[in-house]
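So for the sequence shown, our numbering puts the first residue at 24; every next one is plus one.
Just below is one structure, and these are the notes that go with it.
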Amino acid sequence: MIEIIEKFGVPLLVGFIGAFFAARLAISKHRYEKVWEKRIDAYTDIINALHEMKRPRDRFYEAEIKGFELSEETREELWDRSRNARRKIEKAIDTSAFLISPTMGVILQEFESSMEKALNEEDDWLELITAEYAAVNKCLNSVKLVASSELKLNS
24 MIEIIEKFGV PLLVGFIGAF FAARLAISKH RYEKVWEKRI DAYTDIINAL HEMKRPRDRF
84 YEAEIKGFEL SEETREELWD RSRNARRKIE KAIDTSAFLI SPTMGVILQE FESSMEKALN
144 EEDDWLELIT AEYAAVNKCL NSVKLVASSE LKLNS
């Protein structure tokens, strides 16, 4: 009887223990990869939203400098895209604590403050869009740096 246990029992026990730890490792790796994918999606959404906010300011600035008027339809479409992008960024601020780094939450809060400051302090249209463009661009550059570092894309 002891010979049977030694012959079959020990290898079975070792096999079960090995399978248990292999399964735990696989599940852990899968969870890590899923979270990493979600984080990439979150950072990508923020970068895309900032880009969408940058575009109208760029177009308005170009029109102002070159002295041409954008059609009402084009202006409305650009502002709609910008408003939708801003909502995405506000959503990212709300979710930053659980999915993306706290540093990103601070960057996005500073961005919101810069946008509000520009709106409240700038009287001239050209100065307003220039200040907002600078805020968007600064935030975009900061987001790219933090995302690259957080996701370890530089190594």
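Glycine is no exception: its CB is placed at the ideal position from the N, C-alpha and C atoms.
Contact under 7 Å by Cβ, residue i with residue j
i: Val169; j: Met127; result: yes
i: Glu139; j: Arg104; result: no
i: Ser172; j: Ile130; result: no
Contact belief for residue i with residue j at Cβ below 8 Å, rounded distance in angstroms
i: Trp80; j: Tyr156; result: Residue identity differs from the one stated: residue 80 is Arg in this sequence, not Trp. Between Tyr156 and Arg80 the Cβ distance is about 4 Å, and since that is below 8 Å, they are a contact.
i: Leu163; j: Leu73; result: 4 Å
i: Ala141; j: Ala65; result: About 26 Å separates the two Cβ atoms, so there is no contact after all.
i: Arg78; j: Leu101; result: 7 Å
i: Ile69; j: Ile40; result: No, Ile69 and Ile40 are not in contact; Cβ-Cβ is about 44 Å, not under 8 Å.
- Message: Taking contact to mean 3 or more Cβ pairs, one atom from each stretch, closer than 8 Å, check whether the region 98-114 and the region 46-59 are in contact.
- Response: no
- Item | Contained beta strand (DSSP E) runs [length at least 3] in the region 142-171, N- to C-terminal order | none
- Message: Whether or not the region 57-64 and the region 76-86 are in contact is what I'm after, with contact meaning three or more pairs of Cβ atoms, one per stretch, closer than 8 Å; do they touch?
- Response: no
- Task: Tell me the start and end of each unbroken alpha helix (DSSP H) in the region 26-63 that is at least 4 residues and wholly inside, in chain order.
- Result: none
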